[in-house]
Amino acid sequence: DAGMKVIVSTGDKDMAQLVNEQVTLVNTMSGETLDSEGVAAKFGVRPDQIRDYLALMGDKVDNVPGVEKCGPKTAVKWLEQYGSLEGVMANAAEIKGKVGENLQAALPRLPLSYELVTIKTDLDLHGELSDGLDSLRRQTPKWSQLAVEFKRLNFRTWLKEAEERLHETAQGDDLFGNLDIGEQAALAAEMPSEHIITQAEAPAKLDYQAITTEAQFAALLSKLAAAHTIGLDTETTSLDAMNAQLVGISIAFAAGEAVYIPVGHTPATAPDQLAWEDVLGRLKPFLESETLHKIGQNLKYDQHVFANYEIALKGISGDAMLASYIVESHLGHGLDELAERWLGLETVTYESLCGKGAKAISFADVALEQATEYACQDADFALRIENHLVKQMDDKQRDIYQNMELPVAQVLFEMERTGVQIDKAELAAQSHELGRRLLELEQQAYAAAGQPFNLNSPKQLQEILFGKMGIPTKGLKKTASGGVSTNEAVLEQLAADFPLPKIILENRGLAKLKSTYTDKLPEMVNPRTGRVHTTYAQAVAITGRLASNNPNLQNIPIRTEEGRKVRRAFNAPAGSVIVSADYSQIE
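Under the working numbering, the first residue of the sequence shown is numbered -4, with each subsequent residue one higher.
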């Protein structure tokens, strides 16, 4: 009514009913533009007939009842003949055959179908918008308010832009470095107060030092004897907690105050380090003390590392990773991210010290000065961040943290440490059988294709299916380069009509089963325990569920007979049984 030209960006066919001289649809995913002529060319009906067209066909996804067996061709034919849904309904008796019977049976519900597919265009915008459509026009950004929101939502690039704009307008060169909570609240006056983000206070200076002499270590033990709470972290040789060996231990006593005790560095990087047997022997009473509270980052890992040395880490009272999971489960919980988010600091990263890939070095080869800064920072930051996050929690969150997540972490530690018993001989037999079956499927695929080819080559499969065999490609998913995809979804579509796609799908399923489970699981048995030890990740799924990895024991397949056989390889020791428990989806 205001005379504006309107572009609706959508791929939704229902929106075609809005098209007229002023309204055009644009599908940015496909590059398609639909004006009135475009709608008629695509659907076979005018924009003003789209509602009639949709009502006749119905839509199972949107639960819109239509005329059974009435597809696009039938709907177009009827509308060409009778002009509108009303015309079709008025002449229903003239339409013979099964489709005519279906139409007559649908007559009582067609008015409802028409109503359901109709997009409402009679809303009172002036009742909702103070200045009518002018309220929707883009206005000058409120950079101060946006900066607070960008900080909360972790939009780093946009936050930088907002701070630059604020600086240009003399509102401050670093919004979060220079403003206290009251000033932040004033800037974000229109926002709910719970959205205001604060950062932990930084210490005036850092006091990080390496412990390499007996005098330093004796002083550390005295300090531990008087301490109530410490930050704790370990540096190791591996991410595999069950096999990781200690390289060093870091302990933080307060913000900015921490020490690093090297115990497994190479002589070249730490020639004066103390003997690890002596260090661990004298630290053990403190590490096993229930009254000396320990805070860290994913302390379940450190528990395993100390357990490898027959030290039972106790007194765990906080974990920055779990605290972050409680406060903001939708974000990342790595220490580097947390430090940037809550301390406004960049960390020394592991990769910056050790590199990555083939050229990576062990932490034991990192120079002591650099190792000390990195390790002390980990213990210090974990202590600071956990303390700050607990202050952000409400009573319910604090209850879940203290009485759910932290105790559950101890249960998961015991589960991981105990491990899962598997029958290696059973898996070996299954692996052999899968290998034999894969060879059979390969020969079947060659016969169906009329030639040998690499079953794992998407390009070769594409050439055979859509080139040599001439399978129609209309409606099939395309790859980024424009070719027809041969992914699982496409092969599932084709498997109903063509034998080769069905053979390829079965081959892929069995090959994955063999490589992921029957071949790999026996290799993951710990030689010391004779069991497989997975990691139960507690702070991954937003829903609160656990995730199992290295290996993933939650996704052992059960849809196929071969998949169900894999589960047979998981057995209980003599005198025990395996119990399975589940519950309906209550969340």
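Even glycine gets a Cβ: it sits at the ideal position worked out from N, Cα and C.
A check of alpha carbon separations from Lys0 across Val14, Lys91, Met10 and Asp7 identifies Val14 as the nearest. Under the Cβ criterion (8 Å, minimum of three pairs), the region 63 to 80 counts as touching the region 36 to 52. The straight-line gap separating the alpha-carbon atoms of Gly414 and Asn521 is approximately 9 Å.
Annotation: the continuous beta strand (DSSP E) that includes Lys289 extends over His288 to Gly291. Three or more Cβ pairs closer than 8 Å define a contact, and the region 92 to 100 falls short of that threshold against the region 119 to 129.
Beta-bridge partners assigned by DSSP to Phe565: Ile417. About 12 Å separates the CB atoms of Asp228 and Gln298; that is not less than 8 Å, and the two are not in contact. Taking one beta carbon from each stretch, the region 280 to 291 and the region 299 to 312 have 3 or more pairs nearer than 8 Å; the two touch. A direct Cα-Cα distance of roughly 43 Å separates Lys472 from Ala404. Residue pairing from DSSP places Ala247 in a beta bridge opposite Gly226 and Ala253. The three-state secondary structure of Val21, taken from DSSP, is strand. Less than 8 Å divides the Cβ of Ile466 from the Cβ of Leu489.
The beta-carbon separation of Thr264 and Asp360, rounded to 6 Å, stays under the 8 Å limit for a contact. Between the alpha carbons of Arg104 and Asp57 lies a gap of roughly 15 Å. Boundaries of the beta strand (DSSP E) around Val3: Val1 to Ser4.
Secondary structure at Asn544: strand, using DSSP grouped into helix, strand and coil. The DSSP assignment places no complete run of the beta strand (DSSP E) inside the region 352 to 390 (cut-off: 3 residues). Distance between Ile499 and Ala564, taken at the CA atoms: about 27 Å. In the displayed model, Ile311 falls within a strand according to three-state DSSP. Pairing Ala536 with Val406, the inter-Cα distance amounts to about 18 Å. Under the Cβ criterion (8 Å, minimum of three pairs), the region 237 to 254 does not count as touching the region 339 to 347. The criterion of a C-beta distance shorter than 8 Å is not satisfied by Thr529 and Pro517. Pairing Lys469 with Gly478, the inter-Cα distance amounts to about 12 Å.
Under the 8 Å Cβ criterion, the region 354 to 370 does not count as touching the region 413 to 431, having fewer than three qualifying pairs.
Rounded to the nearest angstrom, the gap between the Cα atoms of Val94 and Asn482 is 37 Å. By the beta-carbon neighbour count (other beta carbons within 10 angstroms, threshold 16), Gln549 is exposed.
In the same chain as Val561, and ignoring 5 residues on each side of it, the C-beta atoms closer than 6 Å to its own belong to Tyr512 and Ile551, in chain order.
Residue environment for Met464: exposed (fewer than 16 other C-beta atoms within 10 angstroms of its C-beta).
The C-alpha of Gly122 lies about 20 Å from the C-alpha of Gly(-2). Looking only at Glu411, Ala236 and Glu332, the smallest Cα-Cα distance to Ile380 is reached by Glu332. Counting the other Cβ atoms within 10 Å of the Cβ of Asp373 gives 16 or more, which makes it buried. Under DSSP, Asp54 takes part in a beta bridge, and its partners are Val59. The alpha-carbon separation between Glu435 and Thr474 amounts to approximately 30 Å. Under DSSP, Lys218 forms no beta bridge with any residue. Boundaries cannot be given for Tyr396, as no beta strand (DSSP E) includes it and DSSP labels it neither H nor E.
The alpha carbon of Tyr578 has as its nearest neighbour, out of Tyr109, Arg540, Ile225 and Thr208, the alpha carbon of Arg540.
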